[in-house]
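Data first, discussion second: the structure below is written as structure tokens.
In this note's numbering, the protein residues as written are 3 to 158.
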């Protein structure tokens, strides 16, 4: 097994679809990318924070989460706008995702400019000044048999 992780690392693909040997130069390969990873705008059409929970808090609190990956070299300034069926949108809710980091934002914790109501259908548009990747997860723990769903958000 290759221990030289300063170069390509073991069995990593290059941009041409081939494979780089251990220690091979990555200047034209996997380690360098001209294209930023992700998009600047994402949509989550199905949002719902259940009213109740079953189990220990905060781990088992029913929630919606946006998991955000910022693989760029700059901090991402991210804003959430929440849309409802029966009223004007709420937001923007602002968070920062540091460069080359991930942040898991629970919609339950978004309270400024106003808390997102529980037991209410909503949708969300997420916008960023840097390309990001967004995954949406819901934990519904209203009963002892929990439900967990997750999906990649829609890149808009």
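C-beta atoms are modelled at their ideal positions from N, C-alpha and C, and glycine is treated no differently.
Sufficient close CB pairs (3 or more, under 8 Å) joining the segment 37-44 to the segment 86-98: Contact between the segment 37-44 and the segment 86-98 is absent, because fewer than three Cβ pairs lie under 8 Å.
Where residue 86 sits in the DSSP three-state scheme: coil
Sheet register partners of residue 124 (DSSP bridge): 49
Burial state of residue 62 (16 or more Cβ within 10 Å): Because the pLDDT of residue 62 is 49, which lies under 50, any placement of that residue in the model is unreliable, and the number read from its coordinates should be weighed accordingly. Exposed, since its Cβ has fewer than 16 Cβ neighbours within 10 Å.
Three-way DSSP call (helix, strand, coil) for residue 131 in this model: strand
Pair within 8 Å by beta-carbon distance, residue 75 and residue 102: yes
Buried/exposed call for residue 66, threshold 16 Cβ in 10 Å: The C-beta of residue 66 has 16 or more other C-beta atoms within 10 Å across all chains shown, which makes the residue buried.
Candidates 80, 158, 84, 52, of which the one nearest residue 116 by Cα: Looking at the Cα atoms, 84 is the closest of the given residues.
Neighbour-count burial assignment, residue 132, 16 or more Cβ in a 10 Å radius: buried
Buried/exposed call for residue 78, threshold 16 Cβ in 10 Å: buried
Length of the line joining the Cα atoms of residue 126 and residue 72: 19 Å
Rounded separation between residue 53 and residue 120 - CA only: 5 Å
Check whether residue 45 and residue 158 have beta carbons under 8 Å apart: In this structure, residue 158 lies closer than 8 Å to residue 45 by Cβ.
CB contact flag (residue 49, residue 111, <8 Å): no
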